[in-house]
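**Student:** Take this structure first; my questions come after.
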Ligand SMILES: [Zn+2]
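In the numbering used here, the protein residues as written are 3 to 281.
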């Protein structure tokens, strides 16, 4: 079983505003962010399946609608699982989530405070988490840094989620990218809260950070709380497997400890659908 727990699709017109302007600043004027369902399927079809994320972030200029994701994953039932995204600033966000789950067939919620500009520990957002708990669906959080200049950096630290985990102990939550660059904080959360997990997506391009984050995971004894994901279209599933298997390259010729191969392979083969209750 190789299941990619963190993938995106971006259709024409979904990415604009300050997100696109900042991306061009970071990666050059020619930068475009398009990843159609067809391109996505070409990448993931050789594996067992994937989570596909909607992304409702008008504060920074990206909106990938729930319907777009639902249309696509509906064509590959049992292989692809769609996560809804709602704008927490909308007064009826809990109702929108209920619609996405019950009517569109989505099976999780994606939230991203640094792209949606909200402080997740404020009580006004708790009805949304209560709705996710009631619907028995997981929340995947982008709880880490980003290049977007208008994003709320202080809202995006992993520790922001601790009060939510304590209030809703049955609610399954995943912290994307091991909370980069705050992997120590992320590991603290997944260690203490039984239903909080992390994914290791998107870390392959920063091998020193990836290695240190994974060493933290090993030393705190929480490899079983780490899910496998790529953050497609920024990296493919195969690229992520390859970079994970090369994580120890930088230890060669040194006395640095290695990430055990069995830890790496166990994460690559993690049965995420079973952990999240999809199958
Ligand atoms: Zn992502």
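Every residue, glycine too, gets a C-beta built ideally from N, C-alpha and C.
1. For residue 271, is the beta carbon positioned less than 8 Å from some heavy atom of ligand 1?
2. Where do the ends of the beta strand (DSSP E) carrying residue 10 lie?
3. Hey, could you find the ends of the alpha helix (DSSP H) residue 30 is sitting in?
4. Leaving out five residues before and five after residue 58 in sequence, what residues of the same chain have Cβ atoms less than 7 Å from its Cβ?
5. For residue 100, tell me which candidate among 83, 227, 129 and 117 has the shortest Cα-Cα distance.
6. Please report the straight-line C-alpha distance between residue 221 and residue 10, rounded to a whole angstrom.
7. Taking residue 280 as the reference, give the member of 24, 114, 41 and 53 with the closest Cα.
8. Leaving aside the five residues before and after residue 225 along the sequence, list all residues of the same chain whose C-beta is less than 8 Å from its C-beta, in chain order.
9. Less than 7 Å between C-beta atoms, sequence neighbours within five positions excluded: which residues of the same chain meet that for residue 245?
10. Can you give me the C-alpha to C-alpha distance between residue 13 and residue 84, rounded to a whole angstrom?
11. Please report the straight-line C-alpha distance between residue 72 and residue 80, rounded to a whole angstrom.
12. Just to confirm my understanding: we take residue 227, look at its own chain, exclude 5 residues before and 5 after, and list those with CB closer than 6 Å. What are they?
**Tutor:** Answer, in terms of the structure:
1. For the purposes of this step, residue 271 is identified with residue 269 of the chain shown, where counting begins at 1. No, the beta carbon of residue 271 sits no closer than 8 Å to any heavy atom of ligand 1.
2. Numbered from its first residue, the chain shown carries residue 10 at position 8. 5-10 is the span of the beta strand (DSSP E), which, as asked, contains residue 10.
3. Within the chain shown, the letter at position 28 stands for residue 30. It is not in any alpha helix (DSSP H) - residue 30 carries neither H nor E in the DSSP assignment.
4. As a first step, residue 58 is located in the chain shown; it is residue number 56 there, counting from the start. Cβ neighbours of residue 58 beyond the five flanking positions: 65, 87, 88 and 89.
5. The residue given as residue 100 occupies position 98 in the chain shown. Measuring from the Cα of residue 100, the nearest candidate turns out to be 129.
6. Here residue 221 corresponds to residue number 219 of the chain shown, with the count starting at 1. Here residue 10 corresponds to residue number 8 of the chain shown, with the count starting at 1. Distance between the alpha carbons of residue 221 and residue 10 is about 31 Å.
7. Along the chain shown, one-based indexing puts residue 280 at 278. Selected option, being the one with the closest Cα: 53.
8. Your numbering for residue 225 matches position 223 in the chain shown. Around residue 225: 219, 265, 268 and 269.
9. Along the chain shown, one-based indexing puts residue 245 at 243. The residues are 206.
10. Your numbering for residue 13 matches position 11 in the chain shown. Your numbering for residue 84 matches position 82 in the chain shown. Taking the straight line joining both Cα atoms gives about 15 Å.
11. Taking the first residue of the chain shown as position 1, residue 72 is located at position 70. Taking the first residue of the chain shown as position 1, residue 80 is located at position 78. The straight-line gap from Cα to Cα measures roughly 13 Å.
12. Here the question's residue 227 lines up with position 225 in the chain shown. Contacts found: 192 and 199.
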